[in-house]
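Undergrad: Let me give you the structure first, and then I'll get to my questions.
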Amino acid sequence: MKSLSFSASSEALLGLGLALVLFATGEVAAQEVKVSASISDSTIGTEEALMYTITIEGVTTGATQMPTAPEGDGLELLKSSPNTQSSVSILNGAVTQSFSYSWTYRPEREGTARLGSTTVRVGNKAYRTNEITVHVVPQSERPKRRVQSSQRRFDPFSSLFRAPSPETTPEIRRVRENDIFIRAIPNRTKVVQNEQVIIEYQLFFREGIQLRQSRLTDSWDAEGFWREELEVETRPIPEIVVENGLRYNKIILKRAAVFPTYVGNLSVDPLRIESEALLPSLSNDPFQLLFSMRNRFQPVKLVSPSIRVESSPLPDPAPDSFSGAVGTYEFSTRIDRTSILVGESIQFTVTISGAGNLATLDAPGFSPPAAFELYEPRVSLNLNRNGRMLSGTKSFTYVLVARTNGNFEIPPVEFTSYNPRSKKYVSNRSDPVTVTVTGTATTPASVVATTNGLPVDDVAAPFSQAGDWTRLNPVPYHTMAWPYAALIFPLLILGFVFGIQRYQNKLAGDITFARNRRAHPLAKKNLKKALVLMKKAETIHFFAELERAILGFIGDRLNVSERGLTRNQLDDSLRRADVPESLRTGLKELLNICDRGRFAPGEIGSGKLESAYEDASALIVALGASLDGNS
Amino acid sequence: MLACIFTLVYASSARAQITDATQVFDRGTQALHQGAYSEAITIFGKADSLGFESPGLYYNRAVAFYRLDQIGQSIRYLRRARALDGDDPRIQHSLSIVSARIEDKYSELPAPIWKRLQRIAVESIGVNTMIALGVGFYLAMIFLIIMRIRRASEGPWQRRLKYFCTLNAFLFLFGGFSSSVWPAYPDESVVVTAELLVREQPDSDASISDRIHEGLVVSLLTRVGDWVLIQLPNGAQGWITGDGLGAI
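Chains as they are written, first to last, in the numbering used here: chain A, 1 to 631; chain B, 632 to 879.
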């Protein structure tokens with residue numbers, strides 16, 4: 001079995017021509033039975049013959065029965081017995097045998113001709129071939145064949161020693177569209193944003209065609225997509241396939257996973273390849289075939305169709321933990337240990353694996369307790385590009401350094417992705433993990449302190465003293481009584497002091513006021529003395545004191561010198577002060593009694609002392625009231 | 632006499648409660664140092680029932696909440712601690728550290744000049760001290776006036792001292808009483824849940840005007856049933872349900 005060196009990369013495409021030369025006639029290895037019907041060309045001239053071949057692969061000798069040629073519509077079977085051919089291939093230790101049966105047809109007319117289906121029996125199983133359509137055109141539209149006269153003997157060396165003539169030179173057949181082409185096959189064209197689309201570029205070329213110096217002519221671009229290349233077979237074996245009745249070699253040139261990053265109609269650029277193709281010669285001259293090979297290579301430009309992808313937005317509402325992951329994912333978390341000392345670290349790893357755009361996948365939200373110092377996660381991405389989908393694993397490893405001791409719960413991590421197959425958001429949530437940190441809760445060395453001793457990136461240490469205790473929810477001052485009392489009481493004191501001072505000032509500056517204010521107390525004092533004398537039965541002194549009390553009172557109240565007044569002057573003063581006549585008369589009588597008591601005490605009985613005392617007391621009160629009322 | 636007895640009984644009772652509160656503080660702080668943060672929070676909460684508060688109690692409670700990653704509760708108690716002792720650099724520092732973790736970044740609506748002056752006075756002096764100073768200057772003023780009345784004449788220094796006391800008594804009493812009637816910081820609360828939806832009307836079907844997150848301090852303006860009208864730091868107003876707020 002011959003080998004083929006082929007790569008999907010642009011560099012490898014340069015060797016495509018050489019590799020395909022080696023494999024232009026290669027057989028296909030297949031493990032299962034495969035039956036195909038093909039024709040030599042889909043368009044023939046009216047004077048050309050058509051070869052119809054049935055190929056049976058993956059069978060052993062004797063397992064197959066010879067098939068019958070299909071009926072032709074517009075085609076005439078020249079010979080009912082087929083040409084048979086068998087081949088054996090060994091690939092990776094597996095032996096595969098194939099048989100082919102060929103019939104020749106001649107066109108009966110111009111236009112569209114058909115070859116019907118036929119049945120092929122392999123063992124106990126029957127396989128039915130497809131109907132094939134052939135276009136019959138006038139011979140003038142077909143490339144010229146070398147004119148080979150039946151009368152002229154075939155000279156194999158003629159082409160070496162004779163200049164070629166138009167009659168003897170066959171027209172070089174041009175490469176047609178269906179001889180070599182690239183097919184771009186997306187696995188889907190309607191997706192949601194960021195959903196994976198696999199695009200496969202397949203190169204089809206007819207059996208017998210050789211390619212060389214193949215290369216990418218332009219950079220393949222897919223604007224609006226995130227692109228990831230997938231591995232294809234570096235040493236591909238062309239697969240023989242039948243397309244529209246023609247046998248082709250098929251090679252996968254490129255396979256890529258693209259992820260639309262926008263919403264809308266997006267397009268992927270065509271894949272463009274330039275190459276040189278050598279088609280099978282129409283000449284039978286072996287020397288001409290040998291020496292004109294270089295001239296018969298034709299430049300070909302191959303362009304795949306562009307691909308349009310319709311990207312639709314993700315459905316709303318998306319869960320809060322959704323960060324744009326689209327695909328089929330599995331989610332797990334792992335912690336390396338759950339018991340550490342203060343200052344030691346733990347590693348908390350979040351792993352996401354599956355098929356999707358892992359490269360752009362963000363780390364799920366993770367908020368460990370503040371007792372841990374959290375560092376930026378270490379991201380590890382491992383993509384599997386060998387399959388038919390892009391898959392892989394992405395892990396985020398967080399390093400947490402314990403700052404203080406205690407039992408802490410690492411909170412659950414939630415990862416949400418959108419599964420385009422089920423058209424649902426899928427949320428995965430890890431279990432919380434309890435981490436026990438032991439040791440002394442000292443300030444870690446990594447924490448830098450400011451000049452006042454406070455840590456730069458952490459709260460200050462707890463207080464060791466509670467500070468001043470105050471009532472919880474204190475009553476506002478403006479609703480309490482004591483502040484108002486504290487303000488009003490000094491004001492009252494101030495007013496009192498002011499009043500006292502004013503009173504004292506008046507006593508000191510106004511003699512009338514002072515005597516007036518002093519009248520009553522002095523009178524009472526004198527009466528008190530008189531009472532003492534009455535009890536001692538000292539009649540003379542009693543009446544003298546009684547008279548002093550009455551006259552002193554009147555003198556103080558009227559602000560006159562009572563001692564120098566006659567009784568008439570005294571009466572006049574009282575009359576001017578509007579003292580009633582009755583009081584003045586009473587006063588005269590009392591003063592007469594006092595005179596008699598002082599100068600003729602023998603005439604006064606003991607009962608007279610008491611009545612005089614009472615009269616004097618009543619008179620002072622009545623005079624005070626009269627003078628107060630008048631003033 | 633009765634007043635003296637009442638005062639003595641009241642004072643001894645308060646002293647006993649303060650002793651109990653101090654013991655609660657010490658036990659909670661011990662749990663905090665041991666890393667038993669949830670237990671520390673529970674212990675500190677017992678001081679509430681005793682009816683006393685202190686800056687240290689609130690600060691350590693805030694640290695415990697911070698270690699449990701409850702930013703909203705941590706800010707709540709740090710603000711309470713600052714209200715009791717605004718000069719302590721540890722409280723100021725920790726408040727800035729915790730506030731840096733608030734998700735919402737609003738521009739602050741500047742307060743009126745008189746409000747700012749009031750806050751400076753309250754934070755640097757305190758309402759209690761203001762009123763005490765005001766009463767002191769007031770008594771001194773009264774004393775000087777009495778002296779003036781009794782002596783009938785006063786020297787120049789006596790006169791100046793009287794004016795000085797009068798002016799300060801007015802300022803401190805006015806500041807203290809006005810801060811009592813109109814507090815320097817309005818009725819504020821902090822968001823203690825991960826997220827709250829701010830709506831334009833007090834209705835769960837009303838359109839959402841904003842989303843606020845844990846740790847943001849908002850002013851409470853009005854309550855209508857379960858709904859609270861709040862004002863954000865930038866002056867915007869909206870309605871939220873009061874479940875996710877913690878009073879400062």
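Glycine included, C-beta positions come from ideal geometry on N, C-alpha and C. Quick caveat: nothing in here was measured; it's all calculated off a predicted structure.
1) So, helix, strand or coil for A256(A), using DSSP?
2) Tell me which same chain residues have a C-beta within less than 8 Å of the C-beta of R842(B), skipping the five on either side of it?
3) My parser needs the alpha helix (DSSP H) runs of 4 or more residues fully inside the segment 840-873 of chain B; what are they?
4) Between the alpha carbons of H724(B) and G877(B), how many angstroms are there, rounded?
5) Taking E108(A) and S117(A) to be in contact with their CB atoms under 8 Å, please state how far apart those CB atoms are, rounded to whole angstroms.
6) Assign P313(A) to buried or exposed, taking buried as 16 or more other Cβ atoms, counted over all protein chains shown, within 10 Å of its Cβ.
7) Does DSSP classify P476(A) as helix, strand or coil?
8) Going along chain A in order, which residues have a C-beta closer than 9 Å to the C-beta of H844(B)?
9) Between the beta-carbon of G72(A) and the beta-carbon of Y105(A), is there less than 9 Å?
10) Could you give the C-beta distance for V137(A) and Q97(A), rounded to a whole number, given that I count them as a contact under 8 Å?
11) Span of the alpha helix (DSSP H) holding W788(B)?
12) If we ignore side chains and look at the alpha-carbon of each, how far apart do L623(A) and L583(A) end up?
13) Check this for me: beta carbons of A184(A) and E229(A), under 9 Å apart or not?
14) Between G659(B) and the rest of its own chain, which residues show a CB-CB distance below 7 Å, the 5 nearest in sequence each way excluded?
15) Once you ignore the five residues that flank C594(A) on each side, which residues in its own chain have a CB closer than 6 Å to its CB?
16) Do you know how far the Cα of G666(B) is from the Cα of G392(A)?
17) If we count the other Cβ atoms within 10 Å of its Cβ and call it buried at 16 or more, is D628(A) buried or exposed?
18) Express the C-alpha separation of N865(B) and S738(B) in angstroms, rounding to a whole number.
19) Considering only their Cβ atoms, is the gap separating G327(A) from A355(A) smaller than 9 Å?
20) Candidates W469(A), T404(A) and V413(A): which alpha carbon is nearest T438(A)'s?
21) What's the call for V812(B), buried or exposed, on a 16-neighbour Cβ count within 10 Å?
22) Around the Cβ of G605(A), are there at least 16 other Cβ atoms within 10 angstroms (buried) or fewer (exposed)?
23) To the nearest angstrom, how far is it from the Cα of R215(A) to the Cα of S345(A)?
24) Is the beta carbon of L211(A) less than 9 Å from the beta carbon of F205(A)?
25) Alpha carbon to alpha carbon, how far is N382(A) from L390(A)?
26) Considering Cα atoms alone, identify which of S561(A), V33(A), K588(A) and G406(A) is closest to Q661(B).
27) Which same chain residues, not among the five before or five after M778(B), have their C-beta less than 8 Å away from its C-beta?
28) Given this structure, state the Cα-to-Cα distance separating N419(A) from S427(A), to the nearest angstrom.
29) For the structure I just gave you, are there three or more beta carbon pairs, one from the segment 760-774 of chain B and one from the segment 475-494 of chain A, closer than 8 Å?
30) Taking Cβ-Cβ distances shorter than 8 Å, what residues in chain A pair up with D818(B)?
31) So S395(A) and T338(A) are supposed to be a Cβ contact under 8 Å. How far apart are they, rounded?
32) Cβ of D493(A) less than 9 Å from any chain B Cβ?
33) Do L574(A) and D615(A) have their C-beta atoms within less than 9 Å of each other?
34) What would DSSP say about S611(A), mapped onto helix, strand or coil?
35) Starting from the Cα of E409(A), find the closest Cα among V399(A), G602(A) and T434(A) and give me that residue.
36) Checking 9 Å against the spacing of the C-beta atoms, do I554(A) and L533(A) come in under that value?
TA: According to the structure data:
1) Note: A256(A) maps to strand in three-state DSSP.
2) Closer than 8 Å at Cβ, skipping near neighbours: E826, L827, L828 and V829.
3) The segment 840-873 of chain B is shown to contain no whole alpha helix (DSSP H) run of 4 or more residues.
4) Rounded to the nearest angstrom, the gap between the Cα atoms of H724(B) and G877(B) is 22 Å.
5) About 20 Å separates the Cβ atoms of E108(A) and S117(A), ruling out a contact at the 8 Å cut-off.
6) Counting other Cβ atoms within 10 Å of its Cβ, P313(A) stays below 16 and is therefore classed as exposed.
7) Three-state result, P476(A): coil.
8) Neighbours of H844(B) on chain A: none; closest Cβ ~12 Å, over 9 Å.
9) Yes; because the gap between Cβ atoms is below 9 Å, this pair is in contact.
10) Cβ-Cβ separation between V137(A) and Q97(A): approximately 37 Å, too far for a contact (criterion under 8 Å).
11) Element bounds for W788(B): P787 to V812.
12) The alpha-carbon atoms of L623(A) and L583(A) are separated by roughly 7 Å.
13) Against a cut-off of 9 Å, the Cβ pair of E229(A) and A184(A) comes out as no contact.
14) Contacts found: A671, I674, F675 and N691.
15) If we look at C594(A) and ignore the five residues flanking it on each side, its Cβ neighbours are F543, L546 and E547.
16) Straight-line Cα distance between these residues: approximately 40 Å.
17) Result: exposed.
18) Taking the straight line from one Cα to the other gives about 5 Å.
19) G327(A) is positioned such that its CB atom lies closer than 9 Å to that of A355(A).
20) Of W469(A), T404(A) and V413(A), the residue nearest in Cα terms is T404(A).
21) V812(B) comes out exposed.
22) That one is exposed.
23) The alpha-carbon atoms of R215(A) and S345(A) are separated by roughly 53 Å.
24) In contact: L211(A) and F205(A) (Cβ atoms closer than 9 Å).
25) Cα to Cα, the separation comes out at about 11 Å.
26) Relative to Q661(B), the option among S561(A), V33(A), K588(A) and G406(A) whose CA is nearest is G406(A).
27) So the list reads E785 and Q789, once near-sequence residues are dropped.
28) For N419(A) and S427(A), the distance between alpha carbons rounds to 10 Å.
29) Three or more beta-carbon pairs separated by less than 8 Å link the segment 760-774 of chain B to the segment 475-494 of chain A, which places the two stretches in contact.
30) Per Cβ cutoff of 8 Å: no residues; D818(B) is ~13 Å from chain A at best.
31) Not really, about 19 Å apart at Cβ, beyond 8 Å.
32) A small correction: the amino acid at residue 493(A) is Ile; Asp does not occupy that position in the sequence shown. For I493(A), a Cβ of chain B is located within less than 9 Å of the residue's own Cβ.
33) No, the Cβ-Cβ distance between L574(A) and D615(A) is not below 9 Å.
34) Reduced to three states, the DSSP call for S611(A) is helix.
35) Considering only V399(A), G602(A) and T434(A), the residue with the shortest C-alpha distance to E409(A) is T434(A).
36) No; because the gap between Cβ atoms is not below 9 Å, this pair is not in contact.
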